[in-house]
DNA sequence: ATCTTTGCTAACCAAATGGTTAAACTTTAT
DNA sequence: ATAAAGTTTAACCATTTGGTTAGCAAAGAT
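Chains as they are written, first to last, in the UniProt record's numbering: chain A, 1 to 204; chain B, 1 to 204.
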């Protein structure tokens with residue numbers, strides 16, 4: 001066998017699986033559909049990944065490992081809270097526009113099986129808001145920020161950035177717009193969200 | 001047959017179905033599990049609701065009809081934006097603590113089948129943000145609010161209130177807390193969220 | 001009392017689905 | 001060239017699953 005062909009099939013499968021799992025979820029996904037999309041025999045899925053469960057986990061870990069660095073930007077770099085908020089909101093929204101099914105996939109599957117988060121925390125050491133909380137406390141003390149609780153602020157940042165994508169059908173219905181209009185709305189939010197947050201927490 | 005027994009079985013089924021569908025989703029739910037939970041024979045599910053799809057739709061419409069009035073509070077009553085935000089945040093969070101699976105269920109299933117939203121808009125006439133947007137524009141003009149886009153504000157209000165429940169496993173992991181601590185955090189948010197929003201948009 | 005309608009169950013069915021196997025084909029090593 | 005190892009497929013299998021059926025049981029109507 002050629003090493004290249006090898007990798008190709010295995011990766012083909014992973015890509016197809018990603019496609020199907022992210023749109024249909026674990027329960028809705030069909031092995032046959034993944035095989036068809038990868039252009040191979042169904043037995044190959046088991047040859048490379050043993051079972052649906054393991055293939056799913058491969059896809060899930062892959063997805064999460066894309067998201068984690070985004071979150072780390074806000075948790076563990078050294079810029080000011082204001083800069084973090086600005087950068088994160090802009091970057092994150094750009095990121096999701098490129099991977100639209102990702103947040104929903106992760107949230108849906110974490111709700112289906114909350115134990116997954118344990119696996120993740122073991123592999124992804126740095127998902128820790130302690131530093132962020134300490135920094136918020138410090139900037140509050142320094143009079144840069146109004147009195148603000150770090151964990152609530154973090155939840156708010158995530159909420160404002162992630163929610164619209166997770167609830168996309170709902171948002172589209174309320175704002176009465178199509179995919180085009182939705183994308184425009186999200187582009188607006190790249191600056192809108194950070195301004196909204198900064199206005200709320202910055203001392204003036 | 002007694003008319004009461006009649007109603008009882010049908011409702012028993014709906015309650016069991018609600019339970020199973022809301023935790024497992026359409027694809028993960030099993031008719032047998034619903035029957036077991038309702039304490040009846042599987043054939044009864046079809047006797048009363050014909051098919052899994054129709055039973056699911058009954059549950060879904062039921063769930064949405066619980067949520068809709070909550071949203072209407074913020075869209076179509078006559079209080080000021082500030083009061084709306086305060087009331088909505090407090091009421092909505094109380095409401096969800098009582099129905100914890102609801103937002104996730106609705107969002108998950110709307111993503112699975114975006115056409116559902118059409119059915120809903122036909123039955124639930126008043127899911128319309130026009131009045132809210134007009135009110136925001138007016139209060140901006142009057143100098144009560146800073147320049148603010150109505151639709152973005154509405155998205156933000158939803159995001160801040162709904163997201164933590166949808167992403168509960170994620171939030172729990174980040175904040176490193178259990179169900180107790182999560183609930184406390186959400187109780188805090190009843191006032192926290194509205195203050196956060198008001199601080200951001202109110203002219204001072 | 002008995003006849004009809006309605007509620008309910010056990011047993012059954014066909015299709016779908018995740019997974020396996022045996023054999024063929026390819027590539028690599030000797 | 002040939003053997004060994006890795007890759008791929010068609011056919012198959014057992015189980016699960018949504019759904020049906022035929023008949024029993026209970027209640028209401030006559």
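Cβ coordinates follow ideal geometry from the N, Cα and C atoms, glycine included.
Could you tell me which residues DSSP puts in a beta bridge with residue i?
| i | result |
| --- | --- |
| residue 184/A | Beta-bridge pairing links residue 184/A to no other residue. |
| residue 209/B | Past the edges of chain B, shown from 1 to 204, lies residue 209/B, and the structure says nothing about it. |
Against chain B, does residue i count as a neighbour if the rule is that its beta carbon must be under 8 Å from one of theirs?
| i | result |
| --- | --- |
| residue 147/A | no |
| residue 55/A | no |
| residue 152/A | yes |
| residue 22/A | no |
| residue 121/A | yes |
| residue 25/A | yes |
| residue 170/A | yes |
| residue 117/A | yes |
| residue 143/A | no |
| residue 159/A | yes |
Could you confirm whether any beta carbon from chain A is found closer than 8 Å to the beta carbon of residue i?
| i | result |
| --- | --- |
| residue 66/B | no |
| residue 19/B | no |
| residue 284/B | Residue 284/B lies beyond the range of chain B shown here (1 to 204); nothing can be said about it. |
| residue 63/B | no |
| residue 135/B | no |
| residue 114/B | yes |
| residue 155/B | yes |
| residue 5/B | Unreliable placement is indicated for residue 5/B, whose pLDDT of 42 sits below 50; the coordinate value is still reported in the next sentence. Not an interface residue. |
| residue 60/B | no |
| residue 173/B | yes |
| residue 167/B | yes |
| residue 138/B | no |
| residue 9/B | no |
| residue 127/B | yes |
| residue 14/B | no |
For the ligand FMN, I want to know if residue i counts as a neighbour, meaning its beta carbon is within less than 7 Å of at least one of the ligand's heavy atoms.
| i | result |
| --- | --- |
| residue 173/A | In the structure shown, the ligand FMN is absent, as is every other ligand, since no ligand is present at all. |
Since residue i contacts residue j with CB under 8 Å, what's their CB separation in whole angstroms?
| i | j | result |
| --- | --- | --- |
| residue 174/B | residue 96/B | So it is not a contact: roughly 19 Å between Cβ atoms. |
| residue 58/B | residue 37/B | Residue 58/B to residue 37/B, Cβ: 16 Å. No contact. |
| residue 200/A | residue 90/A | Not quite, the Cβ-Cβ distance comes to about 18 Å (not below 8 Å), so this is no contact. |
| residue 93/B | residue 41/B | At roughly 40 Å, the Cβ-Cβ gap does not stay under 8 Å, so residue 93/B and residue 41/B are not in contact. |
| residue 111/B | residue 104/A | 6 Å |
| residue 39/A | residue 109/A | With a Cβ gap of about 26 Å, residue 39/A and residue 109/A do not count as contacting. |
| residue 155/A | residue 74/A | 12 Å between Cβ atoms; not a contact. |
| residue 107/B | residue 167/A | 5 Å |
| residue 81/A | residue 141/A | Residue 81/A to residue 141/A, Cβ: 12 Å. No contact. |
| residue 143/A | residue 203/A | 6 Å |
| residue 27/B | residue 178/A | No, residue 27/B and residue 178/A are not in contact; Cβ-Cβ is about 27 Å, not under 8 Å. |
| residue 114/A | residue 100/B | Their Cβ separation, rounded to whole angstroms, is 13 Å, which puts residue 114/A and residue 100/B out of contact at 8 Å. |
| residue 163/A | residue 159/B | 4 Å |
*What residues from the UniProt DNA-binding region "H-T-H motif" (30–49) of chain A come within 7 Å of chain B, judged by C-beta to C-beta, listed N to C?*
Across the UniProt DNA-binding region "H-T-H motif" (30–49) of chain A, no CB contact with chain B closer than 7 Å is found for any residue.
*asked:* By the 9 Å beta-carbon criterion, what residues does the stretch 179–203 of chain A contribute toward chain B?
replied: Listed in sequence order: 185, 188, 189, 192, 193, 195, 196, 197, 198, 199, 200 and 201.
*Which runs of the alpha helix (DSSP H) fall wholly inside the stretch 68–106 of chain B and span at least 4 residues, in chain order?*
Secondary structure within the stretch 68–106 of chain B: the alpha helix (DSSP H) runs of 4 or more consecutive residues, fully enclosed, are 81–98 (chain order).
*Which residues, in chain order, does the stretch 87–111 of chain B contribute to contact with chain A at a C-beta distance below 7 Å?*
Flagged, chain order: 104, 107, 108, 110 and 111.
*For the stretch 69–89 of chain B, enumerate the residues whose C-beta is nearer than 7 Å to any C-beta of chain A, in chain order.*
Residues: none.
*asked:* At 3 residues or longer, what runs of the beta strand (DSSP E) sit wholly inside the stretch 24–66 of chain B?
replied: Taking only runs of at least 3 residues, no beta strand (DSSP E) segment lies wholly in the stretch 24–66 of chain B.
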